[in-house]
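Comments concern the structure below.
There are 2 protein chains.
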Amino acid sequence: MHRKADHRPPRDWRAWLFGPPLRTADAPHQTIGKFIGLAVFASDALSSTAYASQEILFILAAAGSGAFGFVFPISLVIVGLLAIVAVSYEQTIHAYPDGGGSYIVSRDNLGQTTALIAGAALLTDYILTVAVSISSGVAQIISAFPQLFEYRVFLAIGFVWFMTMINLRGVKESGAIFAIPTYFFVITMFITVGVGLYKHLTGALGLVIDPPEIEVAKTLATVTPFLLLHAFSSGTAALTGIEAISDGITAFREPRSRNAGVTLILMAAILAVLFLGISFLTGKIGATPSEVETVISQLSRTVFSRDSLWYLLGIAATTVILIMAANTAFADFPRLSSIVARDRFLPRQLFLRSGRLVFSYGIVSLALIASLLIIVFQASVNRLIPLYAVGVFMSFTLSQAGMARRWWKIGHLKPGETVRERGSTLKHDRKWLLKMVINGFGALCTLVVMIIFAVTKFIHGAWVVLILIPTVVAFFLTVNRHYTSLARRLSLENFIGQPMRAGRHRVLLLVSSVHRGTWQALAYARRLSEDVTAVHVALEPEESEKVRQKWKIWGEGVRLVILESPYRLLMGPLLNYIEEVLSSQESGEILSIVVPQFIPSKKWHELLHTNTADALRERLLSRPGIVITEVPYQV
Amino acid sequence: MHRKADHRPPRDWRAWLFGPPLRTADAPHQTIGKFIGLAVFASDALSSTAYASQEILFILAAAGSGAFGFVFPISLVIVGLLAIVAVSYEQTIHAYPDGGGSYIVSRDNLGQTTALIAGAALLTDYILTVAVSISSGVAQIISAFPQLFEYRVFLAIGFVWFMTMINLRGVKESGAIFAIPTYFFVITMFITVGVGLYKHLTGALGLVIDPPEIEVAKTLATVTPFLLLHAFSSGTAALTGIEAISDGITAFREPRSRNAGVTLILMAAILAVLFLGISFLTGKIGATPSEVETVISQLSRTVFSRDSLWYLLGIAATTVILIMAANTAFADFPRLSSIVARDRFLPRQLFLRSGRLVFSYGIVSLALIASLLIIVFQASVNRLIPLYAVGVFMSFTLSQAGMARRWWKIGHLKPGETVRERGSTLKHDRKWLLKMVINGFGALCTLVVMIIFAVTKFIHGAWVVLILIPTVVAFFLTVNRHYTSLARRLSLENFIGQPMRAGRHRVLLLVSSVHRGTWQALAYARRLSEDVTAVHVALEPEESEKVRQKWKIWGEGVRLVILESPYRLLMGPLLNYIEEVLSSQESGEILSIVVPQFIPSKKWHELLHTNTADALRERLLSRPGIVITEVPYQV
């Protein structure tokens, strides 16, 4: 028999906080188009324009302001890399319409172990994205209101849980909420860059007035290749978040691949234009990198003026987008962990959806770990950022290498031949060689960047990630081992089922006092078996006497055992008696313990009632042959 | 059938932290003698000698140092009051050998409402005792190590939970732990006062060298009766804690009343001698009240010298006793709330004992509320202390008034006549009039003190308590109303039991996959009823196909329903199906839902398994006619 099923909405505080539960049938409507897709998945990538140029300047500053001329060339190289990676990912999106994150592509083409490395790299990076982007948003707020410095950790954690709540409401609504600030930022930045370029061309763009002092080393370094590489690797922060769309294809409306692919190209284009524009203007106005004032702020107040509305809007938009960037991680982390969980490398709960059709376990796990990171690193961006990006480039490399391998396999198919593999369909493609070269070259580039990054940032914190990723992989394997060994031990192969319905079925009915609830439970207990014993723990002599008297009337002839408890212990005497019963248990015999449980209509009334069934369950569930049944009664 | 029962010791982290569970039979050995009794119940009262004299000086300072001469006379009056209260309580202890706290005495003689007021007053006061005494202990530590000021709240809460843990281990062990510091304090103080008096008599006692400056008002007040009354009421802080023993008589070894009574008199004597001695010497050495240096410290360094060992010992002992004072509340709060809970005015759980034979719910509740208070008041003694003591004197008054009323009843018995009342036995007593006068006079005195206290401290915070006590009483009444109305609605009077075993018994068996655990659950389900339906939610198509195939082999012909769930919701389709089944339910019909539940051997493995039974329980227990049974399987 096969049935379609819908979802019954329960009414409680969750409905109020996260919205009423959605019917399963609503799920297709929970997918998003290109417009909202850009907002949900691009905020991370786009937000990096707010700091990428500045990160390059910071490194170049070691060689004095004379080296600042390298910003634009380095930015050009990065945009070139961006183009390669974007095209490479565009191919992935079409090859994997059901979601082609690094994990899936690696799994299908490079094997499970490699996939786990990619998965670990990405998951750690999503967590870091939340911690870093929210911390840097908070840092922006603090540079405006320094008196809030003391509360930075509280603020950051507040934002994390604010984002969590919005995301628990569901992807569509969170998309709508996030669309406004993302587009607000994009428009503000385009206007700033556009007006800046116009003023530059008309010669009206001056230099920054009173730029913040450069914090340079006492002895100036010369411009070495290592320095340029270091600056380049810092600037590649601009690429983080580019993979987000390929992980989240399933969130898009049909035709998914097309929608997702267009969004990706759109995102890359916006990112490239803004990043190049900012880097270019930065050089022209003579902006300097500083902890006190961001380069964006210097640019904005040079293009417009310090007290113009545009300046204020620019700063506000940057702050908001930095915090919003965390949302990309909130969209992708739960999705990826759900995929890893389906393969049984993460707890099964991450695989299921909640009433709002989102992966709430994943969302809450992400928020918890990110909060922990923020507390440990005291919301300091400087201490968090070196941990960031190694993982991203590791997963970039694996994903594109996997794609290259896939084209190689496709190249060896006969024309017209089609092979179904685990996650996707391999179909002969005449352009396989070109496509393989594109993905292969992308993989090579990102591998090189990853190595540059790991080397230049090693002592600053990249080493933490190089320890973290194997640890996460080890965790995946432990979880998997548990599930596989469990499945093996529970397997019905070679299992000789004991004969059903053999053996005695003893039932113990717990009686604290004799009332309608007890009567109901007694009725249930007698349905279970003929062999029922009522058990009462004598906490108070008068009460026990009442139980004894009433049982004579209402007990239906069932035997009543009264357990003494001179020191008012409930569980002690009970457990002892059960132990005694169990010790005389024969093979195939089952003991059911029936507990009448009052279910209060008001939640707080629960505090006024002991939940004996729960307490028994905690103590006894590990003993085979016992079933604890709570018979609820309501008034 | 009647059985004696012992207690099976489970082995877990609790055993490690709180000690192995005690057998019920050990309970008598958990009682204590006079020596440890004094340490457990007197630390609160005795610790007040550390600050009572100083509190008087603080008030007198308003009229300049000339008014300090009033300290000794005021102290004499307070000791007189102490003597009256102690004798009065001694009578109570003998009249109520099973514990004669204010609540019980009021309940038996003045009625339930009055008793609730006394109970509320005492419980709030116990909470305040913990907050005040630990905060003042921490203040002592901070005056030695000012750099710890920032961490005062953490420190205070740390101490609260340290005390909680010790108390969860049980009264006897905590007694042993507390005996050392209490006696250390008593001995150190006796030596200080003794040596001080000796030096005074031999003329060797000088004045305080460099006393701290007095913080006096700019315009000196004159010594008015109100000022003296205010000083007196501040000094009555010395009496707080005197009632502790009468609440805790049951903790004493037999003969309880005698042991408790002797301990009370001993405690009062020590308290009187120390308090008078300190007040006397304080005047002689010209000590001044100050937030910077306590009077005890000034006394100690004048009697010995600043760098003597004795001085250090004195300060250490004072700090420790102040923190220990909280222990009295830890001993009495749970005991009193257990009594109130037995009368159904507080949650029933407070009435039961834990494996270590202590009232753990009460202990933990006390710690929680006290921690909250410490956080709210930022561990500030000055802000907490005015809340304190109104409640104590209120309960003193009610308790002694109750006793007076009791003697009045006894006075009207015929010689030799005996009447059993709820908590105690009324027996003719020739000296009833004298005893009534003693208790009545005690009640009058403490009533007057309470009024003085409430008036003089009203604006400083006493008003909070005057709001709090009625609130607590209202809570008692709400809880009681819930229990009584529940009992009425569950009553079997006029209840016509439905015929047992009528109606259909449907069983739904949840199947996520088919394995040995499922087999066990199926066997159980078929024992329950002939009418079993297996239900599987199709989260993954391949998995569902496997279930369908395996069920053909292992399903014993039981019908299998597969619920579609395209969006990987588990609960949604399930609840919906159950709802459908329920809608066709006839009267008298019962639905049992059997859930196979894996019980992992390692605790952390629980994180890897969904507990479907718990989730169903949360959603469905409020619906009548459903029983959820989890059939555990272990590997």
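Top to bottom, those sequences are chains A and B.
Following this note's numbering, the numbering of the first sequence begins with 10 at its first residue and continues without gaps.
Following this note's numbering, the numbering of the second sequence begins with 10 at its first residue and continues without gaps.
For glycine and all other residues, C-beta sits at the position ideal for the given N, C-alpha and C.
Task: Extent of the continuous beta strand (DSSP E) run through T434/B - done: Residue numbering aside, residue 434/B sits at position 425 when the second sequence is read from its first letter. First-last of the beta strand (DSSP E) with T434/B: 434-436.
- [ ] Tell me whether S631/A is buried or exposed, calling it buried when 16 or more other Cβ atoms sit within 10 Å of its Cβ.
- [x] Here residue 631/A refers to the residue found at position 622 of the first sequence. S631/A comes out exposed.
Task: Reference I460/A; option with closest CA among L475/A, N448/A, V446/A - done: Counting from 1 along the first sequence, the entry for residue 460/A is found at position 451. Among L475/A, N448/A, V446/A, the Cα nearest to that of I460/A is on L475/A.
Open item on the list: So S466/B contacts chain A; which residues on that side make the cut at Cβ distance below 9 Å?
Closed with: One-based indexing of the second sequence puts residue 466/B at position 457. First, the residue type needs correcting, since residue 466/B is Lys and not Ser in the sequence shown. By Cβ distance, chain A contributes nothing, its closest Cβ being about 33 Å from K466/B, past 9 Å.
TODO: Can you give me the Cβ contacts of G512/B inside the same chain, cut-off strictly under 6 Å, excluding the 5 residues immediately before and after it?
DONE: Counted from its first residue, the second sequence places residue 512/B at position 503. Cβ within range, chain order: G597, E598.
Open item on the list: Would you call the stretch 382-402 of chain B in contact with the stretch 444-459 of chain B, where contact means no fewer than 3 C-beta pairs closer than 8 Å?
Closed with: The answer is yes - the stretch 444-459 of chain B touches the stretch 382-402 of chain B, with three or more Cβ pairs under 8 Å.
Task: Chain-ordered neighbours of Y533/B on chain A, where CB pairs are closer than 8 Å - done: Within the second sequence, numbered from 1, the residue matching residue 533/B stands at position 524. Within chain A, the residues near Y533/B are I599, V636.
TODO: Give the secondary structure of V516/A by DSSP, where H, G and I count as helix, E and B as strand, and everything else as coil.
DONE: Here the question's residue 516/A lines up with position 507 in the first sequence. Of the three classes helix, strand and coil, the one that applies to V516/A here is strand, per DSSP.
Open item on the list: 8 Å is my cut-off, CB to CB: does T33/A come that close to chain B?
Closed with: Counting from one through the first sequence, the residue named residue 33/A turns up at place 24. Confidence at T33/A is low in this model, with a pLDDT of 46, below 50, so the placement of that residue should be treated as unreliable; the coordinate-derived value is given next. Yes, because at least one Cβ of chain B sits closer than 8 Å to the Cβ of T33/A.
Open item on the list: Given a cut-off of 8 Å on the beta-carbon distance, is the pair F289/B and V88/B in contact?
Closed with: Stepping through the second sequence from its first residue, residue 289/B is reached at position 280. Stepping through the second sequence from its first residue, residue 88/B is reached at position 79. No.
Task: Same chain, Cβ closer than 8 Å to I652/B, neighbours up to 5 away in sequence not counted - done: This structure leaves residue 652/B out entirely; chain B is present only between 10 and 644.
Task: Buried versus exposed, by CB contacts within 10 Å (16 or more), Y112/B - done: Here residue 112/B corresponds to residue number 103 of the second sequence, with the count starting at 1. The residue in question, Y112/B, is buried, as its Cβ has 16 or more Cβ neighbours within 10 Å.
Task: Where H618/B sits in the DSSP three-state scheme - done: Stepping through the second sequence from its first residue, residue 618/B is reached at position 609. The three-state secondary structure of H618/B, taken from DSSP, is coil.
Open item on the list: Below 7 Å on C-beta distance, what does S631/B contact in chain A?
Closed with: Translated into the one-based positions of the second sequence, residue 631/B becomes position 622. In chain order: I608, Q643.
TODO: Determine contact between the stretch 259-275 of chain A and the stretch 351-363 of chain A, defined as no fewer than three beta-carbon pairs at a distance below 8 Å.
DONE: no
Open item on the list: Strictly under 8 Å for the Cβ-Cβ distance: is W560/A near chain B by that measure?
Closed with: As a working note, residue 560/A is residue 551 in the first sequence. For W560/A, the answer is no, since every Cβ of chain B falls outside 8 Å of its Cβ.
Task: Stretch-stretch touch, CB-based, cutoff 8 Å, three pairs: the stretch 313-322 of chain A with the stretch 122-133 of chain A - done: no
Task: Per-residue contacts from G526/B into chain A (C-beta, under 7 Å) - done: Working through the second sequence from its first residue, we reach residue 526/B at position 517. Chain A residues near G526/B: L499.
- [ ] Measuring only between beta-carbons, confirm whether P640/B sits less than 8 Å from chain A.
- [x] Here the question's residue 640/B lines up with position 631 in the second sequence. Here residue 640/B is Val; the residue named in the question, Pro, does not match the sequence. With its beta carbon less than 8 Å from one in chain A, V640/B belongs to the interface.
Open item on the list: Less than 8 Å between the C-beta atoms of L548/B and F342/B, yes or no?
Closed with: Translated into positions along the second sequence, residue 548/B becomes position 539. Translated into positions along the second sequence, residue 342/B becomes position 333. Result no, Cβ atoms of L548/B and F342/B do not sit closer than 8 Å.
Open item on the list: Check this for me: beta carbons of E502/A and S243/A, under 8 Å apart or not?
Closed with: In the first sequence, counting from the first residue as 1, residue 502/A sits at position 493. In the first sequence, counting from the first residue as 1, residue 243/A sits at position 234. It is not a contact, given that the beta carbons lie outside the stated cut-off.
- [ ] Would you mind telling me which residues of chain A sit closer than 7 Å to L579/B, beta carbon to beta carbon, in chain order?
- [x] Within the second sequence, numbered from 1, the residue matching residue 579/B stands at position 570. For L579/B, the C-beta contacts it makes with chain A under 7 Å involve L361, in order along the chain.
Task: Alpha carbon of L229/A to alpha carbon of I68/A, nearest angstrom - done: Within the first sequence, the letter at position 220 stands for residue 229/A. Within the first sequence, the letter at position 59 stands for residue 68/A. Near 12 Å, if we compare the C-alpha coordinates of I68/A and L229/A.
Open item on the list: I'd like to know whether the C-beta of H514/A is nearer than 8 Å to at least one C-beta of chain B.
Closed with: Translated into the one-based positions of the first sequence, residue 514/A becomes position 505. Yes - at least one Cβ of chain B is within 8 Å of the one on H514/A.
TODO: Go ahead and pull the three-state DSSP assignment for R260/B.
DONE: For this step, residue 260/B is matched to residue 251 along the second sequence. First, the amino acid is wrong: residue 260/B is Ala here, not Arg. If DSSP states are grouped into helix, strand and coil, A260/B belongs with the helices.
- [ ] Could you have a look at Q594/B and say whether DSSP puts it in helix, strand or coil?
- [x] To locate residue 594/B, count along the second sequence from 1; it is residue 585. For Q594/B, the three-state secondary structure derived from DSSP is coil.
- [ ] Assign A34/A to one of two classes, buried (16 or more other C-beta atoms within 10 Å of its C-beta) or exposed (fewer than that).
- [x] For the purposes of this step, residue 34/A is identified with residue 25 of the first sequence, where counting begins at 1. Reliability of the predicted coordinates at A34/A is poor, the pLDDT of 47 falling under 50, and the value obtained from them is presented with this limitation in mind. Result: exposed.
Open item on the list: Determine whether the beta carbon atoms of Q643/B and P356/A lie at a separation below 8 Å.
Closed with: Here residue 643/B is taken as the residue at index 634 of the second sequence, counted from 1. Here residue 356/A is taken as the residue at index 347 of the first sequence, counted from 1. No; because the gap between Cβ atoms is not below 8 Å, this pair is not in contact.
Task: Outcome for D219/A when other beta-carbon atoms lying within 10 angstroms are tallied against a minimum of 16 - done: Here residue 219/A refers to the residue found at position 210 of the first sequence. By the neighbour-count rule (16 or more Cβ atoms within 10 Å), D219/A is not buried but exposed.
Task: CB contact check: T40/B to chain A, cutoff 8 Å - done: Your numbering for residue 40/B matches position 31 in the second sequence. Not one chain A Cβ lies under 8 Å of T40/B.
Task: Closer than 8 Å to chain A by CB, V271/B - done: Here residue 271/B corresponds to residue number 262 of the second sequence, with the count starting at 1. Not flagged as an interface residue toward chain A: V271/B, since no C-beta distance is shorter than 8 Å.
Task: R353/B (DSSP reduced to helix, strand or coil) - done: Numbered from 1 along the second sequence, position 344 holds the residue referred to as residue 353/B. Residue state, collapsed to three classes: coil.
TODO: With 7 Å as the C-beta to C-beta threshold (strictly closer), list the residues of the stretch 339-357 of chain A near chain B in chain order.
DONE: P356, R357
- [ ] Evaluate the contact criterion for the stretch 434-452 of chain A versus the stretch 407-421 of chain A: three or more CB pairs, one atom per stretch, below 8 Å.
- [x] yes
TODO: Note down, in chain order, each residue of its chain lying with its Cβ closer than 6 Å to the Cβ of E639/B, except the 5 sequence neighbours on either side.
DONE: Here residue 639/B refers to the residue found at position 630 when the second sequence is read from its first residue. Within the same chain, and ignoring the five residues on either side of E639/B in sequence, the residues whose Cβ sits closer than 6 Å to its Cβ are V604, Q606, A622.
Open item on the list: Please tell me whether R265/B has its Cβ less than 8 Å away from any Cβ of chain A.
Closed with: Residue numbering aside, residue 265/B sits at position 256 when the second sequence is read from its first letter. Output row for R265/B: interface = no.
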